[in-house]
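Residue numbers (the working numbering): 697 to 1344.
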Amino acid sequence: MYTNFRHVLFIIDFKRKTTNFVPLFKILKFDMKKIILLSGCLIILLSGCYNKKSAPASDYIEEPHSFSKPNEAAITHLDLDINVDFDNEIIHGKASYLIKNNKASQIILDSKFLTIEKVQADGKDTAFSLGDFDEQLGSPLKIDINNDTKQITVFYKTTHKTEALQWLKPQQTTDKKHPFLFTQGQAILTRTWIPIQDSPQIRITYNAKVKVPSQLMAVMSAENPKTKTPDGQYTFKMAQPISPYLIALAVGDIEYKAISNRTGIYAEKSMVEKAHDEFSDMENMVASAEALYGTYAWEQFDVIVLPPSFPFGGMENPRLTFATPTVIAGDKSLTSLIAHELAHSWSGNLVTNATWDDFWLNEGFTVYFEMRIMEALYGKDRANMLARIGRQDLEEEIESFKETPDDTKLKLNLKGRNPDDGMNSIAYDKGYLFLRTLEETAGREKFDVFLKSYFQKHAFSTIHTEKFVAFLNENLLEKHDITFNTNEWIYNAGIPDNQAIISSDKFETVEKTIQQFVKTNTVDKTLTKDWTTQEWVHFVRNFPNDIKTEHMAMFDEAFNLTNSNNSYIAMVWYEQAINHDYHGNDVDAKIEDFLIKVGRRWYVSTIYKAFKRNDKTDVALAIYNKARSNYHAVTTNTVDGILGYKQE
Ligand SMILES: [Zn+2]
């Protein structure tokens, strides 16, 4: 996920395989295709093949965010058959699972805000019950089975309380003609639209049949259609085993446009060309990523550009990244987001954090990998600017946690808390800084060999922090006789002294330019004419703390920051306008428009927090009352907390 989260006051924000594995995978696929033709027994064969890669029973470690007990009975494959009802805004259907049964008398699924209608075990009705409801986790769905039960089926429907689904009216879409639906599963929301064992340690393959209104197209984190069907009936197959938080669905009036034979864009009609131009480097990104850490394991890498209420920058749903339209700046300047989501195809989707306490293993590695892709494609300057922005985010995050320093450890303890509490700059940017420091200590060549072997060794499995530390010791540190303070980095608060120093000449120039403009009370546009988005962001974020209103006005007049078409520059400028009580150029109305239109949690929470910090919560609440219905639940959960908002 790409959140880029920054500090909070009360609520925490957010923000390969290599040669001998890949041929094996390809051989499997090839054989399976032949076998399908011969026998048609796809499901059983696939689950059989991949079960070898799934964790065997008793390998699952304790998981504070799931009621399931996979050591007793674990799901291995899902057949989903659902109807997407836009009129009533519910999903209705059945979820059938093949299970690995360790002679259990009960299997437990996670469910939240679902209506469970009927449950069957091996085709016959069976008893079930919903346990006590927990605000974060929902309820355990306990299903009676026999010690040889192989399959269970749950007939269910979603309710209006579901947190994963966001139903959009036509006017909330870009083209404003048809409704839209998308899901967001991470961290523990898949259970609000599918009853499931919702732990990242679970890995399942899935097939799905999805019925939607005939003028709309459905796409999933699976093999996808490229054109609409006449009857609105779609079938999907995800042949590689994934964790449940990566099951995703989007339904809308969308089209597909290929970039290469394995990359392309889904978007609403008026957005397709823009997105295609913006993301035209996608094939090069995949090629650079493969050159770094091994073959891409998921065959297809497409991106769907969603309506602006999508709560994240991007979500790395396998084969189909979900992305916010706010990264389309017109100059490819924000496409590091695509590099980030692509990197998750290795760190996250291929090698997955075992619990949300180990979230840094997903995000720290992904930011590191993202920076390496950006460096390979666009050079060190660009990568270092991105890393420096992350370093500033980290500084602010650590400051925001000064009362709760345990939250600045990489390995967290989120038992009893929402996993979203750990989705902040610590996992992303401290995780990155740890890996970059390791790289600089060991040397890039050795570090790359280590990372490649890490992805290869743990492909299609989950890993927790202690297992990673053991692997690091054995395969990098002891092997090359390197001394490194790994435990201090992972288990202590704050940042150790041996951190890598990230410098950027370009940012130093930006800082000098700010000083010059303020000192001379004039703006010399020749100094800024070649600036990239990252330089502009650094410029705005690094105004002197006591900047005068006339200097804010001078910058706005010279660079029209209030009306920036670049959402990132606009967002940091709005934050500064609130911080420094600047009201020129009709900026207040622009901020309100922005908050009503955009639902990206990082952006809107940054602005709401600025209001709160500056004792303008009443202004924020007046806007939030108008904007809230446009936001996804992950965004409202956060902003409710920031503003102390209570639903009537
Ligand atoms: Zn991410």
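Glycine is no exception: its CB is placed at the ideal position from the N, C-alpha and C atoms.
_In whole angstroms, give me the CA-to-CA distance for L742 and Q897._
Residue placement at L742 cannot be trusted, given a pLDDT of 39 that sits under 50; the coordinates are not used to answer.
*Would you kindly work out how many angstroms separate the C-alpha atoms of A1019 and Y941, rounded to a whole number?*
Rounded to whole angstroms, the gap between the alpha carbons of A1019 and Y941 is 16 Å.
*asked:* For E1095, report the span of its alpha helix (DSSP H) as first-last.
replied: Element bounds for E1095: 1076-1096.
*What distance in whole Å lies between the Cβ atoms of V1001 and I961, which are believed to be in contact at a cut-off of 8 Å?*
With a Cβ gap of about 7 Å, I961 and V1001 count as contacting.
*CA-CA distance, P875 and V915?*
Distance between the alpha carbons of P875 and V915: 15 Å.
*Reduced DSSP secondary structure (H/G/I, E/B, other) of V1219*: Three-state result, V1219: coil.
_By alpha-carbon positions, which one of Y1124, P1003, F851, N1109 ends up nearest to M697?_
In this structure, Y1124 is the residue among Y1124, P1003, F851, N1109 with its C-alpha nearest to the C-alpha of M697.
*Would you call the CB atoms of Y1128 and Y1064 closer than 8 Å?*
The answer is yes: Cβ separation under 8 Å.
*Check N797 in the structure and name its three-state DSSP category.*
In the three-state reduction of the DSSP assignment, N797 falls in the strand class, which pools E and B.
*asked:* For W1227, which residues in the same chain have their Cβ closer than 6 Å to its Cβ, ignoring the five residues on either side in sequence?
replied: In its chain, beyond the 5 residues on either side, no residue has a beta carbon closer than 6 Å to the beta carbon of W1227.
*Please state whether DSSP places D727 in a helix, a strand or coil.*
In this predicted model, D727 has a pLDDT of only 42, less than 50, meaning its place in the structure is not dependable; the value taken from the coordinates is given anyway. DSSP places D727 within a helical segment (H, G or I) once states are collapsed to three.
*Per the contact definition of three or more C-beta pairs closer than 8 Å, is the region 915-925 in contact with the region 1143-1154?*
By the Cβ criterion, the region 1143-1154 is not in contact with the region 915-925, since fewer than three pairs of Cβ atoms, one from each stretch, lie closer than 8 Å.
*Pick from L945, G789, K1202: whose alpha carbon is nearest that of N1080?*
The residue from L945, G789, K1202 with its alpha-carbon nearest to that of N1080 is K1202.
*Identity of the residue in H1160, V982, I1265 nearest F1290 by Cα*: The residue with the shortest Cα to Cα distance from F1290 is I1265.
*Could you have a look at P836 and say whether DSSP puts it in helix, strand or coil?*
Three-state result, P836: strand.
*asked:* By the DSSP assignment, the beta strand (DSSP E) with T959 in it spans what residues?
replied: It spans 959-964 - the beta strand (DSSP E) in which T959 sits, taken as one unbroken run.
*Should F1156 be labelled buried (16 or more other beta-carbon atoms within 10 Å of its own) or exposed?*
By the neighbour-count definition (other C-beta atoms within 10 Å, threshold 16), F1156 is a buried residue.
_Own chain partners of L1339 with C-beta closer than 7 Å, once the 5 adjacent residues on each side are dropped_ = Excluding residues up to 5 positions away in sequence, Y1304, K1308, T1313, A1316, L1317, Y1320 lie with their Cβ nearer than 7 Å to the Cβ of L1339 in the same chain.
*Closest to V850 by CA distance: which of T1332, Y793, E785 is it?*
Across the set T1332, Y793, E785, the C-alpha of Y793 shows the shortest separation from the C-alpha of V850.
*Own chain partners of S1200 with C-beta closer than 6 Å, once the 5 adjacent residues on each side are dropped*: Correct list, in chain order: N1080, M1081, R1084.
*asked:* Which residues does DSSP list as the beta-bridge partners of K790?
replied: K790 is bridged to D777, F851.
*Measuring CB to CB, does W1298 end up less than 8 Å from G1009?*
In this structure, W1298 sits near G1009, with a CB-CB distance shorter than 8 Å.
*Would you tell me roughly how many angstroms separate the C-alpha atoms of D1399 and N1188, rounded to the nearest one?*
No statement about residue 1399 is possible, as the shown extent of the chain runs from 697 to 1344 and does not include it.
*Compute the distance between the beta-carbons of K808 and T870, then report whether it is under 8 Å.*
It is not a contact, given that the beta carbons lie outside the stated cut-off.
*With DSSP as the reference, label D821 as helix, strand or coil.*
Of the three classes helix, strand and coil, the one that applies to D821 here is strand, per DSSP.
*Under a Cβ-count criterion, where at least 16 other Cβ atoms within 10 Å of its own Cβ denotes burial, should K925 be classed as buried or exposed?*
In the sequence as presented, Lys is not what sits at residue 925; that position holds Thr. Per the 10 Å Cβ criterion, exposed.
*Where does E1288 fall in DSSP's three states?*
Note: E1288 maps to helix in three-state DSSP.
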